[in-house]
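Notes for the one structure printed next.
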Amino acid sequence: MHVRTGGFPVLIMAVACLPAGTGPGQTLSTRHRNAAMPEIPSKDDTHTTFRYPLRWRIMDALNGGLDRFWPARMSPYTGWALIMPALLLVGVLVLGLFEMADNSLHTLDRATFRLSEAYTLENYQTVMESATYGRVITRSVFAAGLTVFFTLLLALPYAYIMVRTTSSAVRKALLVTLFLPFFIGQVVRAYGLLIILGTTGVANNALGLVGIEPMRLLFNFPAVVFGLVQYMLPFAVLMLAPALTAIPRETETAASSLGANWVQGFRHVVLPMAKPGLIGAGLVVGTLALTDFAMPAMLGGGSQDFIANAIYDQFFRTADQGLGAALALLLVVLGSVIVGIVISIFGAGTLGMGNRK
Amino acid sequence: MTARSQRILFWALVWFSVLILSVPTIIVVGASFTNANMISFPPEGFTLKWYEKIALARDLRQAFIRSLIVSTVCLVVSVPVGTLAGLALSRFKLRFVNAIQIYLLLPFTVPLIGSGIGMMLIFGEWRILGSLWPVGVALAVINLPFIIWSVSSSASALDGDLELAASSCGAGRFETFWFVTLPGVMPGVITGGLLMFVLAMSEFLVSLLLTDARTVTLPVQIYNNIRSIITPDLAAVSSVFVVIALLAVWVLDRLVGLEIFLKSK
């Protein structure tokens, strides 16, 4: 513990008033030059006319205010006070989830188009029994699975080359290629894909060059999966790269010096060691793909709805809030279970928050 | 050292990834300069008329201004909140710290459609739906883990003895915070703030749920326009996002270096 002195000004005045060899005025002016403070009159009665610079006064006031509203004896709770705003801000989200849960327990009264008063589980029953939602959910899960597979297939070599390359320019170029789409946002990226895959788009023009008839590349299931893979690739690479960095290069050298070819080395050395990263990246990509809205909406053209699109339609087209809320809550639970698995495997530090030294 | 077949296979896959990641961006930017009235690639001729058109288009300009307002609100809310939380997580011993971390990660673990719908309902309950600032607050909520992560990793790199030294030299608690702790974590704060601003600028789904015809932000406006017709002026708007993203990547690289994301813990 340190002794509080009441801030710089008091400390400096104390020094200035010390009965040292020099006169008080001289000591003060030396001080003030060091501290680059405004000019002080060098009269003999300096320490009575000396005016605190504004900055000192502000600092003293702030310190005083802090002492008043948050005295030192409260210091065991300082951490809590600092984290409280964040807890409250995320609280908005939690309240929203409760509101959603509450909504999901009321059915839509078709007469008034408001949610009825009575609590019921009917909405959940509707979701469970509906063949449409069954199809939507199956499609989302299937697409998420495919997305995970293709994304990891592309992300693994990408991360591997990026980590292992000896050229820092190559590494930088690969990193920029990853980060740019991340910041551009999903709508603009989907728009780019729309242009490419359109009937008169680049892809069809390229196919035309090798003599293939123009075909419909958009508004079908593969287009959505392609869009999702493109969207998820940066996330997957950025989750895999640290895992690959942690694998010493020597392990591969050792494997090859013992006679393993690169396929064997990769299969028996790199893959097992990268497994936590692969699982983590796979689960994150899977959840994001499963709950995506923009790609199915834009590249699927309304025929390839995912769960998120069905939820949106319930709120904004059919205006059945209760049913939409029930669907959304099911999706939240599904997503949380998947992420719960990630956290139980890797710990909450996975995303690197507050890792103490 | 690496086998030739491995090099060929891996580089082929990497080139494929690079292509699918960057070609859409390049095409969008290229298409914004086309002279034709329909999107075509390679662009026919060269013109800046689409940029002129979007600069004059009232709806797009207003949507852009609204996006800036929303991102600023998000920044103003998230930077103090995230900085304090990041400091609390890395420099203070908190009880139940695991539970707190899981709670603060909720914005990432709850699917965006869930968060968006939930906040839409609660904002509707509070009768603030339809104004612009709640959108900024909502975006601050859903991206909060980014800035907490960025500040706390910066704070754990800061030597705690510096703060003790400041206090033993007579600095009060506020002065210690203002002159020692805050400058120490400033790289994390700036990085986090940058992430929050740019991600709020390009965020789509939550904005779609929380805005109406009077408050649409730019990504939502693009989405609405795409649904009707694809014209080169949209490519010009999209190029604005590409420029913003380029700037963001450049600043991020200067500030912390992109290579930091490759480090293993």
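Heads up: the protein sequence lines correspond to chains A and B, in order. Going by the numbering used here, the letters in the first sequence line up with residues 2 to 358, in that order. Going by the numbering used here, the letters in the second sequence line up with residues -15 to 249, in that order. Beta carbons are placed, not taken as given, at the ideal position from N, Cα and C, and that holds for glycine.
Item	Value
Three-state secondary structure (DSSP) of A:Ser257	helix
Inter-stretch contact (C-beta, 8 angstroms, three-pair minimum) for the region 185 to 204 of chain B and the region 102 to 118 of chain B	yes
Distance CB(B:Val135)-CB(B:Leu71) smaller than 8 angstroms	yes
A:Gly278 and A:Pro243 closer than 8 angstroms at C-beta	yes
Proximity test, Cβ basis, 8 angstroms: B:Phe(-6) and chain A	yes
Residue-level contact to chain B via CB, A:Pro182, 8 angstroms cutoff	yes
Cβ separation of A:Asp293 and A:Leu229, assumed to be a contact under 8 angstroms, to the nearest whole Å	6 angstroms
Assigned exposure category for B:Trp(-5) - 16 Cβ within 10 Å defines buried	exposed
Burial state of A:His269, where buried means 16 or more other Cβ atoms lie within 10 Å	exposed
Inter-residue Cα distance where the pair is A:Phe222 and B:Phe17	31 angstroms
Strand pairing of A:Asp110, partner residues [DSSP]	A:Arg115
Residues, ordered as in the chain, of the region 146 to 173 of chain A that lie near chain B by beta-carbon distance below 9 angstroms	Leu154, Leu155, Ala156, Leu157, Pro158, Tyr159, Ala160, Tyr161, Ile162, Met163, Val164, Arg165, Ser169, Arg172, Lys173
Rounded separation between B:Ser152 and B:Arg75 - CA only	18 angstroms
A:Leu64 and A:Gly323 closer than 8 angstroms at C-beta	Per the sequence presented here, residue 64 of chain A reads as Asn, with Leu not at that position. It is not a contact, given that the beta carbons lie outside the stated cut-off.
Whole-angstrom distance between B:Gly100 and B:Ile38, CA atom to CA atom	29 angstroms
Buried or exposed (CB count within 10 angstroms, at least 16 for buried), A:Ile346	exposed
Three CB pairs or more closer than 8 angstroms across the region 242 to 257 of chain A and the region 321 to 336 of chain A	no
CA nearest to the CA of A:Ile84, picked from B:Val94, B:Pro129, B:Ala41	B:Pro129
CA nearest to the CA of B:Val125, picked from A:Val95, A:Arg69, A:Thr254	A:Val95
Interface positions of the region 215 to 235 of chain B facing chain A (Cβ-Cβ less than 8 angstroms), listed along the chain	Leu218, Ala219, Ser222, Phe225, Val226, Ile228, Ala229, Leu230, Ala232, Val233
Nearest-angstrom Cβ-Cβ length linking B:Ser62 and B:Asn127, presumed shorter than 8 angstroms	7 angstroms
Under 8 angstroms between C-beta atoms of B:Tyr35 and B:Ala220	yes
Buried or exposed (CB count within 10 angstroms, at least 16 for buried), A:Thr108	buried
Inter-stretch contact (C-beta, 8 angstroms, three-pair minimum) for the region 149 to 158 of chain A and the region -12 to 5 of chain B	yes
Touching by the beta-carbon criterion (3+ pairs, under 8 angstroms), the region 204 to 211 of chain B and the region 182 to 195 of chain A	yes
C-beta atoms of A:Ala204 and A:Ile197 nearer than 8 angstroms	yes
C-alpha distance - A:Gly8 paired with B:Glu159, whole-angstrom precision	A caution first: A:Gly8 carries a pLDDT of 41, below 50, which makes its placement in the model unreliable, though a value can still be read off. Roughly 8 angstroms separates the two Cα atoms.
Among B:Leu5, B:Ser137, B:Trp162, the one whose alpha carbon lies nearest that of A:Trp57	B:Trp162
Per-residue burial, A:Ala320 [other beta carbons within 10 Å of its own, 16 or more giving buried]	exposed
Supposed close pair B:Glu187, A:Arg172 - CB separation, criterion 8 angstroms	Contact doesn't hold; Cβ gap of about 29 angstroms is too wide.
Spatial neighbours of A:Gln265 in its chain, beta-carbon cut-off 6 angstroms, leaving aside the 5 residues before and after	none
Cβ of A:Ala207 within 8 angstroms of any chain B Cβ	no
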